[in-house]
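Colleague:
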Amino acid sequence: MEQVLKYSKNSNENPCHMCMPMGAILPFKGIAGAMVIIHGSQGCSTYMRRHIAEHFNEPVDVGSSSLNEKGTIYGGEKNLKQGLDNIRRVYNPQIIGVLTSCLAETIGEDIERITAEYRKSNELVDYPIVPVPTPGYGGTHTEGYLLAVRQIISQLAAPTASHNKINIIIPHLSTADIRELKRLFALMDIEYTLCPDFSDTLDSGIARQYKKIPEGGTALKDIRSMPGAPATIQLGVTMQEELSPGQYLSDNFGVPLYNIPIPIGVENTDIFFRTLTSITGKGIPDCILQERGRLLDAMVDSHKYNFAGRSVVYGEPEIVYSVTKTCVENGVFPAVVATGSPNPKLAKLLEPLFAQYHRKVVILSEADFVEIRHKCVELKVNIAIGHSDGKYLTEREGIPLVRLGFPIHDRVGGQRLMSIGYTGTTVLLDRITNTLLEAKYGNYRRTMYEQYYKPATVMP
Amino acid sequence: MDTAVAVTERDSFITTKGKQKASLKCDTDSIAGCVSQRACVYCGARVVLNPITDALHLVHGPIGCASYTWDIRGSLSSGSELYRNSFSTDLKEKDIIFGGEPKLISALDELIEKYRPKGVFVYATCIVGVIGDDLEAVCRQASLKHDIKVIAVQSSGFIGNKAAGYRAACDALELLIAPQKPLLKKARSVNYLGDFNLAGEAWIIRNYLEEIGVEVNTVFTGDSNFATLKQATAAALNIIQCAGSMTYLANKMQTKYSIPYMQISFLGLEDTAESLRKIAEFFGDPNIIARTEALIARELALTKPKIEAYKELFRGKKAAIYVGGGFKAISLIKQFREIGIDVVMIGTQTGRQDEYQTIHDLADDGTVILDDANPSELEKFMTQQGAHLLVGGVKERPLAYKLGIAFVDHNHDRKHPLSGFIGAVNFAQEVNSTLGSPVWRHMSDFGSDMHGTSTKI
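Protein sequence lines correspond, in order, to chains G and A.
Our numbering numbers the first residue of the first sequence as 1 and each following residue consecutively.
Our numbering numbers the first residue of the second sequence as 1001 and each following residue consecutively.
Okay, here's the thing in structure tokens:
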């Protein structure tokens, strides 16, 4: 097995990751009544809004302290405080997230102190303002997301009497995936606090009365009482402990933590239900077992087509882990697995998976698309699974792309692709199989003709 | 309380024609916390330079800036595709502490070796100035070492807004076009400034100009390359489409190389015809003038009936405009007029005082004019003014849709050309594709009065 943990070069050629504040915006969009502001120059918030808005096809408002030259030289405290004033005036939020950009961090802005002072001088003692230091050079959007969730929880969580709502902490999933999780909990009759929940806020319906902050999101009171939960289920097996929101609840309030994979694939979904059952003692309803049966049926129906797939799976570590495992389960063996984040855990987790089938795989960490493309060509990959930036592999190398993850900005509906649970896995698998079939049927008459047909030349 | 106007500092940026003062505040910093739709200096510089096809575009900074600008624009190329990659020095914490120069030097060596580009643009991001990297010096050394143009673009995000980025790009272009010795003038040639060849727009205009007997020496910067740009100073005239980004460079070229410039606009039938006539007049050649008239007559005969047919469909519709530059807003007001649509709200991100004056002169009484608007204001004024349609960028689109307002894409992402005679028809078609869609008829509430009669579920 070849592992390239760090490609030794001094530049990134066509990035496979984004910056920390981008990731940190999303959790705030999943908290009820939240607004978020980036302390930095105007462009950061605009770029990120644009990127997020294109994926979700939703208005995405993010404030900026609009740091200018003066603020950069003499400090941006005044800008940030004015920004908070204006955000409160226009949006009337119940909670504000304050993120930093590269610029604010580099000039040494202490948002912890500034926000504390702001609360004090404005008599906002109980008003939650959550500072999250997210310098763009400090990590990728994946780390930014996790840190924001952890900060939100650590800021709000308070000792609470025991109750029976399980904490569910999720990485960036599609809005359809979040809704699917909620459906499964309802079927299992399990009470929960899901954090963050942007399934309504970033995928809202047409409504007569436009809301500046869309309705939905995890309620603040629910986050406050997360410490009283019987357990935390965190859909994340590759994250570092210091970024883990579930770890925070475990360390500070003793809430038992279950780190499990995103339930994509049979085994991962089995783990998910086994965990739910062991925590709550509740059985799995027949209808869910029927869904499982249908998935197995689909796997068998498609297995020969899938066996022709040599895949590349790329994107954020958690989803890459679960999708890679699903690919292996179905014989769409990945030849290349890549993430733009530095993530040594991913390779360790995936190694045994490939070893049991004696399959070779190249696992790239901190990868960029030039490197991914290079490996895909070398290893004759014929299907790609990941976000829209992989369209580059299609355009340059003719490798068809199954879109999954974030961002999906060149197709509609990327925000509501469902891929989790037994049913989600089934539809994901269908997308993969059909992509392989389309490539096969699109080419095979010509390929066969070119390979075998010769004009009749009878020996004299 | 109406929260959209809760920020009183914003009052002076908004005016209503005929009711309030004629001038408004513009071309200044955004107010903190107001959710401006503006992008940054780097963005301004990158959009202007990115269409140069054989350039290697290297962003010196942390990854985000390069991520969000990788091949996002629809500029087309007839040659190299190198510009469609996004390169970054991907600075990390240790580079911030110890300085990013060593990484930049190595990155330049690696990338130039690998891609053998004709030239490189190195973009400064926010932190470059703050950590004290000497971009100019590194670029100068790399230039000497590799014997190609390596040009520093001073586009730190905090030094202003997108317009400052246009100037940074123009400064870089000024360096690039400087000839070692004066070039021989080409008598019947123009440089076409401020067209980025979105969906082949620069090609459409070049075809027109060639037909009337005028050579397009180079475009700034759609489908240009280092070789064509280096010939820029040979042109007899500069014509400018996008005034916001290119007037600065045209002024410099006038002073330095005595190349006169004129503002033209190829948006809309009327402006396109007018602009072609202006160019023909400049050269004064009766043949050029005759060919121009022939072209205009032929194209108008083809396109005018189509526009007239659309006009019928659009009767009584009202539009709102929120775009980047003032000149585009002005063109759009005229273009909407051509297709019979009233404009009821006009805003720009970076319009200048003189452009707002023109907008004010052109607008009907009661039109709201605003600079550096935010989503709340857009929501408020589009609704209040009864707009049926918004023309704007990607960020504004979902807001319009949520409000049940049709939307016209007039951004760098679009895949349809809007320039020239054919562009005017495409514009009307684009308007029709959204105003004429049946979906709006189905947006009414349903079910709120259907409580059912059964008590059991």
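Note that beta-carbon positions come from the ideal geometry of N, C-alpha and C, so glycine has one too.
#1: DSSP has G/Pro15 in a bridge; who is on the other side?
#2: Measuring only between beta-carbons, confirm whether A/Ser1086 sits less than 9 angstroms from chain G.
#3: Nearest CA to the CA of G/His514: which residue from A/Phe1421, A/Arg1010, A/Glu1396?
#4: Would DSSP call A/Gly1436 helix, strand or coil?
#5: Considering Cα atoms alone, identify which of G/Gly75, G/Leu404, G/Gln82 is closest to G/Pro317.
#6: Measuring straight from C-alpha to C-alpha, what distance separates G/Arg373 and G/Lys380?
#7: Where in the region 1197–1234 of chain A do unbroken runs of the alpha helix (DSSP H), each at least 4 residues long, occur, reported from the N-terminal end onward?
#8: Does A/Arg1167 come within less than 9 angstroms of chain G when only Cβ atoms are used?
#9: Between G/Glu69 and chain A, is there a C-beta pair that is closer than 9 angstroms?
#10: With a 10 Å radius around its C-beta and 16 neighbouring C-beta atoms as the bar for buried, classify G/His141 as buried or exposed.
#11: What is the C-beta distance between A/Leu1370 and A/Ile1014, in whole angstroms, given that I count them as a contact (C-beta under 8 angstroms)?
#12: Within the same chain, show all residues whose beta-carbon is closer than 8 angstroms to that of A/Ile1148, passing over the 5 residues directly before and after it, in chain order.
#13: For G/Gln82, which of helix, strand or coil comes out of DSSP?
#14: Would you mind working out which of A/Val1219, A/Asn1191, A/Ala1235, A/Ser1036 sits nearest A/Glu1377, comparing C-alpha positions?
#15: Hey, could you find the ends of the alpha helix (DSSP H) A/Asp1140 is sitting in?
#16: In terms of residue numbering, what span does the beta strand (DSSP E) encompassing A/Phe1121 cover?
#17: List the endpoints of the continuous alpha helix (DSSP H) containing G/Val312.
#18: Pull out every residue of the region 213–238 of chain G whose Cβ sits closer than 8 angstroms to any Cβ of chain A, in chain order.
#19: Taking the C-alpha atoms as reference points, what is the distance between A/Gly1393 and A/Asn1411?
#20: Quick check on this structure: which residue in A/Ile1205, A/Ala1164, A/Thr1218, A/Ile1204 has the alpha carbon closest to the alpha carbon of A/Lys1186?
#21: Whose C-beta lies closer than 6 angstroms to the C-beta of G/Gly315 among residues of the same chain, with five residues either side of it excluded?
#22: If I measure Cβ to Cβ from A/Cys1366 and keep anything under 7 angstroms in the same chain, skipping five residues before and after, which residues do I get?
#23: List the residues of chain G that A/Tyr1068 touches, going by C-beta distances under 7 angstroms, in chain order.
#24: May I have the straight-line CA-CA distance separating G/Gly442 from G/Asp389, to the nearest angstrom?
#25: Taking three-plus beta-carbon pairs below 8 angstroms as touching, is the region 190–206 of chain G in contact with the region 29–40 of chain G?
#26: Can you give me the start and stop residues for the beta strand (DSSP E) that G/Ile168 sits inside?
#27: Among A/Ser1075, A/Pro1182, A/Ala1168, which one has its Cα closest to the Cα of A/Ala1152?
#28: Kindly say whether A/Lys1402, judged by its beta-carbon, lies nearer than 9 angstroms to any beta-carbon of chain G.
#29: Does any C-beta atom of chain G lie closer than 9 angstroms to the C-beta of A/Glu1110?
#30: Which of helix, strand or coil does DSSP assign to A/Pro1062?
#31: Closer than 8 angstroms: is that where the CB of G/Ala347 sits relative to any heavy atom of the ligand SAM?
#32: If I'm right that G/Tyr248 touches G/Ile129 with Cβ under 8 angstroms, what's the distance once you round it to whole angstroms?
#33: Determine which residues share a DSSP beta bridge with G/Arg150 and list them.
#34: G/Gly83 versus chain A: which residues are under 7 angstroms apart at the beta carbon?
#35: Among A/Leu1229, A/Lys1162, A/Leu1049, A/Leu1104, which one has its Cα closest to the Cα of A/Arg1140?
#36: Assess contact between the region 1323–1341 of chain A and the region 1267–1274 of chain A, defined as three or more Cβ pairs (one per stretch) separated by less than 8 angstroms. Is contact present?
Modeller: So, from the listed chains and residues:
#1: G/Asp368
#2: yes
#3: Limits of chain G in this structure are 1 at one end and 460 at the other, which puts residue 514 of chain G out of reach.
#4: coil
#5: G/Leu404
#6: Distance between G/Arg373 and G/Lys380, taken at the CA atoms: about 10 angstroms.
#7: 1201–1212, 1226–1230
#8: Closer than 9 angstroms: no.
#9: Yes, G/Glu69 counts as interfacial toward chain A.
#10: buried
#11: 4 angstroms
#12: Ile1112, Pro1117, Lys1118, Gly1119, Val1120
#13: helix
#14: A/Ser1036
#15: One detail in the question is off: residue 1140 of chain A reads as Arg in this sequence, not Asp. Per DSSP, A/Arg1140 belongs to the alpha helix (DSSP H) from 1135–1146.
#16: DSSP places A/Phe1121 in the uninterrupted beta strand (DSSP E) bounded by 1119–1124.
#17: That residue, G/Val312, is in no alpha helix (DSSP H); its beta strand (DSSP E) goes 311–315.
#18: In summary, no residue of the region 213–238 of chain G has a CB separated from any CB of chain A by less than 8 angstroms.
#19: 5 angstroms
#20: A/Thr1218
#21: Gly386, His387, Gly405
#22: As written in the sequence, residue 1366 of chain A is Gly, which differs from the Cys given in the question. The residues are Thr1016, Lys1017, Gly1018.
#23: Contact of A/Tyr1068 with chain G by beta-carbon distance below 7 angstroms involves Tyr47, His51.
#24: 24 angstroms
#25: yes
#26: 166–169
#27: A/Ala1168
#28: yes
#29: yes
#30: coil
#31: Questions concerning the ligand SAM fall outside what the structure shown contains, since it holds no ligand whatsoever.
#32: The beta-carbon distance between G/Tyr248 and G/Ile129, rounded to whole angstroms, is 19 angstroms. This is too long to meet the 8 angstroms contact definition.
#33: None, per the DSSP bridge assignment.
#34: Ala1032, Gly1033
#35: A/Leu1104
#36: yes
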